[in-house]
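Novice: Structure in structure tokens, see below.
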Amino acid sequence: MKRNDFFNKYNIHSSYFDFFTQERINTISKFINKLKKSGNFAPKEHSIFRALENDLQNSKVLILGKDPYFQPGAATGIAFEVNGLNNWQSPFKQRSLQNIIRVIYQTYTDKKYIFSNIRKEIDSSYFEILPPNKLFQSWHNQDVILLNSFLTVKIENGKNTSGSHEKQWNNFTKELLTYISTKNPNINYFLWGAHSNSFAKNIINGNIYSSNHPSMAFGKSKKDFLFFNGFKETKNIVNWTGISKKRE
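Here is the structure:
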């Protein structure tokens with residue numbers, strides 16, 4: 005596949021053109037074609053590079069996840085977003101997302117609450133935040149790169165297949181982070197957990213905010229995700245609730 009055709013097919017922004025050499029595109033295309041023949045994978049093909057749709061030069065924050073969700077139908081191509089989750093009152097199993105909302109709540113209120121209490125405040129409009137099916141798109145529109153380090157994952161009857169495509173994407177992501185941090189030296193990087201933090205050495209420029217993974221938040225260590233200050237330090241450039249302030 006030619007480079008322009010590849011960019012058009014996956015809606016990748018032209019600011020990544022130098023990164024996607026013809027050789028790299030050939031390798032990726034071969035792998036994706038193999039995936040399509042061998043069985044189920046996530047996210048859907050057209051969403052694999054969704055994190056790279058915006059102009060790299062405008063990017064403000066990059067949040068690095070690991071895999072797309074391996075539960076059938078859950079992955080969207082955006083790190084941590086849960087497909088089909090339309091409001092915060094609906095039950096969902098992704099503890100990472102619950103704890104992300106806890107820290108965002110703390111960022112704007114200076115209060116530490118468990119997620120069930122925050123859910124009540126959202127329901128009663130004491131705390132205003134966009135619903136999940138709009139919140140991640142808001143971040144995406146504000147030039148937050150929500151990147152999974154492995155862009156695809158195998159789907160196999162609900163089994164935990166995390167890391168199933170690591171071999172295909174690991175070096176890709178290392179080189180991509182070097183490219184991103186070289187082209188735009190002003191990005192803030194959120195690295196959560198040992199896996200994401202292992203990519204820190206590939207980030208040449210920018211500010212790095214690191215913590216333990218949001219799936220494991222207990223508040224017992226300064227590295228715990230509940231003490232993560234990245235949202236607070238960047239709330240002047242990204243509106244993490246997605247709610248526009250009303251004029252007085």
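Sequential numbering of the sequence shown, starting at 5, is according to the numbering used here. Cβ coordinates follow ideal geometry from the N, Cα and C atoms, glycine included.
So, HIS169 versus THR156, is the Cβ gap smaller than 7 Å?
Specialist: yes
Novice: Only counting the same chain, and skipping five residues up and downstream in sequence, which positions put a Cβ closer than 7 Å to that of ILE29?
Specialist: Answer for ILE29: MET5, ARG7, PHE10, listed in chain order.
Novice: With 16 as the cutoff for other CB atoms within 10 Å, does SER128 come out buried or exposed?
Specialist: exposed
Novice: Using DSSP with H/G/I as helix, E/B as strand and the rest coil, what is GLY69?
Specialist: strand
Novice: Using the three-state DSSP reduction, which class does VAL86 fall into: helix, strand or coil?
Specialist: coil
Novice: Comparing alpha-carbon positions, which option in PHE23, ASP71, ASN233 lies nearest LEU56?
Specialist: PHE23
Novice: Measure the C-alpha to C-alpha separation of ASN137 and ILE36 and round it to an integer number of angstroms.
Specialist: 27 Å
Novice: Is ALA55 helix, strand or coil by DSSP?
Specialist: helix
Novice: Enumerated in chain order, which unbroken segments of the alpha helix (DSSP H) with a length of 4 residues or greater are wholly contained in the segment 129-181?
Specialist: 136-145
Novice: Note the first and the last residue of the continuous beta strand (DSSP E) segment covering ILE212.
Specialist: From DSSP, the beta strand (DSSP E) with ILE212 extends over 211-215.
Novice: CA-CA distance, GLU252 and THR186?
Specialist: In this prediction, GLU252 has a pLDDT of 36, which is less than 50 and means its spatial position is unreliable; what the coordinates show is noted afterwards. Each residue's alpha carbon lies about 41 Å from the other.
Novice: Between which residues of its own chain and ARG99 is the CB-CB distance below 7 Å, once the five residues before and five after are set aside?
Specialist: SER219
Novice: Rounded to whole angstroms, what's the CA-CA distance from TYR213 to GLN102? Just pull it up for me.
Specialist: Distance between the alpha carbons of TYR213 and GLN102: 19 Å.
Novice: Roughly how many whole angstroms lie between the Cα atoms of LYS124 and THR238?
Specialist: For the pair LYS124 and THR238, the Cα-to-Cα distance works out to about 26 Å.
Novice: Would you identify the three-state DSSP class for ASN190, choosing helix, strand or coil?
Specialist: DSSP places ASN190 in the coil class of the three-state scheme, outside both helix and strand.
Novice: What are the partner residues of ALA46, as DSSP defines its beta bridges?
Specialist: VAL157
Novice: Have a look at GLY234 and ASN161 and give me their C-alpha separation to the nearest angstrom.
Specialist: 36 Å
Novice: Please report the straight-line C-alpha distance between ASN58 and ASN211, rounded to a whole angstrom.
Specialist: The C-alpha of ASN58 lies about 20 Å from the C-alpha of ASN211.
Novice: Could you say which of LEU66, ASN206, PHE231 lies nearest to ASP147 if we only look at CA atoms?
Specialist: LEU66
Novice: Around the C-beta of SER215, are 16 or more other C-beta atoms found within 10 angstroms, so that it is buried, or is it exposed?
Specialist: By the beta-carbon neighbour count (other beta carbons within 10 angstroms, threshold 16), SER215 is buried.
Novice: Taking Cβ to Cβ, would you say GLU132 is nearer than 7 Å to ILE247?
Specialist: yes
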